[in-house]
Amino acid sequence: MFDEFEFYVSEKRPLMFAVISLVAVAVIGINSYVWLSTIVGLLASCVYFVINSVFWEKVFLGKDDSPVLRVAFGVLVTFML
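Once you know that position 45 of the sequence shown is 154 in the working numbering, the rest is easy, because the numbers rise by one and skip nothing.
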């Protein structure tokens, strides 16, 4: 299941998911100042982390690495940035 999502994000529609990631950042910022909703912030943050972890794992790791390692490394890099 994750391999299909990874293919869709990184190769099939990368521009669409980059825009979704930017919208998630905007929602996080607006939520911090205007809405102050925990649910909205949590959902936007999860969307941001999932999409960007796929982008970062494509930058640093190859297809020959295990999926668990790629996901863990992508989340770690996204969290540290």
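Beta carbons are placed, not taken as given, at the ideal position from N, Cα and C, and that holds for glycine.
Would residue i be called buried (16 or more neighbouring beta carbons within 10 Å of its own) or exposed?
{"i": "isoleucine 160", "result": "buried"}
Considering only C-alpha positions, which residue in the set the options is nearest to residue i?
{"i": "glutamate 115", "options": "Ser154, Leu145, Ile148 and Ser162", "result": "Ser162"}
{"i": "serine 119", "options": "Lys167, Ala153 and Ala181", "result": "Lys167"}
{"i": "phenylalanine 188", "options": "Val177, Cys155, Asp173 and Leu145", "result": "Cys155"}
Tell me whether the beta-carbon of residue i lies closer than 7 Å to the beta-carbon of residue j.
{"i": "serine 130", "j": "tyrosine 157", "result": "yes"}
{"i": "isoleucine 137", "j": "alanine 127", "result": "no"}
{"i": "arginine 179", "j": "leucine 190", "result": "no"}
{"i": "valine 186", "j": "tryptophan 165", "result": "yes"}
Tell me the residue span of the alpha helix (DSSP H) that contains residue i.
{"i": "lysine 167", "result": "147–169"}
{"i": "valine 184", "result": "176–189"}
{"i": "glutamate 115", "result": "111–116"}
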